[in-house]
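A.B. asks:
Residue numbers (our numbering): 201 to 534.
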């Protein structure tokens, strides 16, 4: 064999070695591509590719079942409620401590312990009824009945008229100036007029509560009904909604959050005003109980009644708040 013939045979192995990747280099490249530190598996057809999903399934299997989203949301809400309750307890404790400190050595103003003792005595016999005296439960019942009557009438008139004002622009333009003039008038200013006309303190009190609770519901309902998105109104026009269908499917759903807000404001203001009205005139009701206790210089009963008035107002607002969360979308509340 000549030297010219031997040269190609000597160079051929080197050329074959550098002409492409070997099986070992392919396996290493596959391992590097799948992640740092992953074991290199020999390439035998599709064997290295089919092993990867098995490893993923094994790794995922060690994570365990995922927590349901509703359970996570429930835990978050419960944690928020507990934190809020703890802060409420702290605030109440600070208030009671300041109250106790401010009344130390005072015989005129009762402290929290004396007031709590008096409130316990009043609640132990809430419904006794004698010729000269009644239990605080009966007075509370009378006040709540008056508030509910006036509030119910105000809700009926305020929601109906508010929807009309919000939906019909000429009606809004005609009634809004009158509403803005009458709204700032103190509710107590109406009491002598209606007392003179009706000559019945109990019915006059209901009418005063009606006037008091009317304005927040009316104004908020009109504002909500007047803020309907234009695209929804256009859809109603395109599909030629009848007035009743437009009311139930467009007007009320959009105005509902504003209506509930107005009802909450009306209930709170009505509950405040009934106490003042019953102080002016009447022989029953929680306001009468406060004024009668003051005239008898029983300030511990006055303070106990104030605490009870606040608790009842809190319960009434909480009921309407739960109603608002039930009938309105969750995103409205944040």
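C-beta atoms are modelled at their ideal positions from N, C-alpha and C, and glycine is treated no differently. Note that the structure is predicted; figures quoted are calculated from it, not measured.
1) Could you check the C-alpha separation between residue 328 and residue 318 for me, to the nearest Å?
2) So, using beta-carbon positions, are residue 322 and residue 512 closer together than 8 Å?
3) Who are the near neighbours of residue 423 in its chain, counting only those whose CB is closer than 6 Å to its CB and skipping five residues on each side?
4) On the DSSP bridge list, what partners appear for residue 537?
5) Under the rule that 16 or more other beta-carbon atoms within 10 Å means buried, what is residue 420, buried or exposed?
6) Distance, Cα to Cα, residue 474 vs residue 410?
7) Mapping the DSSP letters down to three states, classify residue 506 as helix, strand or coil.
8) What does a CB cutoff of less than 7 Å around residue 395 pick up in its chain, not counting 5 residues either side in sequence?
9) Which same chain residues end up closer than 7 Å to residue 456 when comparing Cβ atoms and leaving out the 5 residues on each side of it in sequence?
10) Can you tell me whether residue 346 is buried or exposed? The criterion is at least 16 other CB atoms within 10 Å of its CB, across all chains shown.
11) What's the C-alpha gap between residue 308 and residue 414?
12) Measure the alpha-carbon distance for residue 304 versus residue 516 and round it to whole angstroms.
13) Tell me which same chain residues have a C-beta within less than 6 Å of the C-beta of residue 176, skipping the five on either side of it?
14) To the nearest angstrom, report how far apart residue 363 and residue 370 are at their CA atoms.
15) Considering just the uninterrupted stretch of the alpha helix (DSSP H) at residue 489, what are its terminal residues?
16) In chain order, which alpha helix (DSSP H) runs of at least 4 residues are fully inside the stretch 357-406?
17) Taking the alpha-carbon positions, what's the residue 324 to residue 335 distance?
18) Assuming residue 432 is part of the alpha helix (DSSP H), what are its boundary residues?
19) Since I believe residue 428 is in contact with residue 454 (beta carbons under 8 Å), could you give me their beta-carbon distance rounded to a whole number of angstroms?
20) Using a threshold of 8 Å, state whether the C-beta atoms of residue 507 and residue 315 are closer than that.
21) Could you compute how far the alpha carbon of residue 488 sits from the alpha carbon of residue 288?
22) Rounded to whole angstroms, what is the Cα-Cα separation between residue 496 and residue 373?
23) Could you work out which residue in 469, 361, 525 is closest to residue 388 when comparing CA atoms only?
24) Measuring CB to CB, does residue 499 end up less than 8 Å from residue 312?
25) For residue 502, which residues from the same chain have a beta carbon less than 8 Å from its beta carbon, with the 5 sequence-adjacent residues on both sides left out?
26) Helix, strand or coil for residue 481, going by three-state DSSP, please let me know.
27) Spatial neighbours of residue 383 within its chain, please: CB distance less than 7 Å, with the 5 preceding and 5 following residues excluded, ordered by chain position.
28) Using the three-state DSSP reduction, which class does residue 309 fall into: helix, strand or coil?
C.D. replies: Reading from the atomic positions:
1) Here residue 328 is taken as the residue at index 128 of the chain shown, counted from 1. Here residue 318 is taken as the residue at index 118 of the chain shown, counted from 1. Each residue's alpha carbon lies about 16 Å from the other.
2) To locate residue 322, count along the chain shown from 1; it is residue 122. To locate residue 512, count along the chain shown from 1; it is residue 312. In this structure, residue 512 does not lie closer than 8 Å to residue 322 by Cβ.
3) Taking the first residue of the chain shown as position 1, residue 423 is located at position 223. 458, listed in sequence order.
4) With the chain covering only 201 through 534, there is no way to say anything about residue 537.
5) Here residue 420 refers to the residue found at position 220 of the chain shown. So residue 420 ends up on the buried side.
6) In the chain shown, counting from the first residue as 1, residue 474 sits at position 274. In the chain shown, counting from the first residue as 1, residue 410 sits at position 210. Taken atom to atom, the span from the alpha-carbon of residue 474 to that of residue 410 is near 11 Å.
7) Within the chain shown, residue 506 is the residue found at index 306, counting from 1. DSSP places residue 506 in helix when its eight states are reduced to three.
8) As a first step, residue 395 must be located in the chain shown, where it is residue number 195. These residues qualify, in order along the chain: 401, 404, 481.
9) As a first step, residue 456 is located in the chain shown; it is residue number 256 there, counting from the start. Contacts found: 527, 528.
10) Looking up residue 346 in the chain shown gives position 146. Per the 10 Å Cβ criterion, buried.
11) Here residue 308 refers to the residue found at position 108 when the chain shown is read from its first residue. Here residue 414 refers to the residue found at position 214 when the chain shown is read from its first residue. Their Cα atoms are separated by approximately 39 Å.
12) Locating residue 304 in the chain shown gives position 104, counting from the first residue. Locating residue 516 in the chain shown gives position 316, counting from the first residue. Cα to Cα, residue 304 sits roughly 33 Å from residue 516.
13) Given a span of 201 to 534 for the chain in the structure shown, any question on residue 176 remains unanswerable.
14) To locate residue 363, count along the chain shown from 1; it is residue 163. To locate residue 370, count along the chain shown from 1; it is residue 170. Residue 363 and residue 370: Cα-Cα distance of roughly 13 Å.
15) Indexing the chain shown from 1 puts residue 489 at position 289. It spans 486-495 - the alpha helix (DSSP H) in which residue 489 sits, taken as one unbroken run.
16) 369-382, 387-398
17) The count along the chain shown starts at 1 and reaches residue 324 at position 124. The count along the chain shown starts at 1 and reaches residue 335 at position 135. Straight-line Cα distance between these residues: approximately 9 Å.
18) Translated into the one-based positions of the chain shown, residue 432 becomes position 232. Its alpha helix (DSSP H) spans residues 430-438.
19) Here the question's residue 454 lines up with position 254 in the chain shown. Here the question's residue 428 lines up with position 228 in the chain shown. Confirmed, Cβ separation roughly 5 Å.
20) Translated into the one-based positions of the chain shown, residue 507 becomes position 307. Translated into the one-based positions of the chain shown, residue 315 becomes position 115. Yes; because the gap between Cβ atoms is below 8 Å, this pair is in contact.
21) Start at 1 with the first residue of the chain shown, and residue 488 comes out as number 288. Start at 1 with the first residue of the chain shown, and residue 288 comes out as number 88. Each residue's alpha carbon lies about 31 Å from the other.
22) Here residue 496 refers to the residue found at position 296 of the chain shown. Here residue 373 refers to the residue found at position 173 of the chain shown. Whole-angstrom Cα-Cα distance: 52 Å.
23) What you label residue 388 is simply residue 188 of the chain shown in a count that begins at 1. The candidate whose alpha carbon is nearest that of residue 388 is 469.
24) Position 299 of the chain shown, counting from 1, holds the residue named residue 499. Position 112 of the chain shown, counting from 1, holds the residue named residue 312. No.
25) Here residue 502 refers to the residue found at position 302 when the chain shown is read from its first residue. Answer for residue 502: 490, 493, 494, listed in chain order.
26) Here residue 481 corresponds to residue number 281 of the chain shown, with the count starting at 1. Correct three-state label for residue 481: coil.
27) Looking up residue 383 in the chain shown gives position 183. Taken in chain order, the residues that qualify are 415.
28) The sequence position of residue 309 within the chain shown is 109, counting from 1. In this structure, residue 309 counts as coil in the three-state DSSP scheme.
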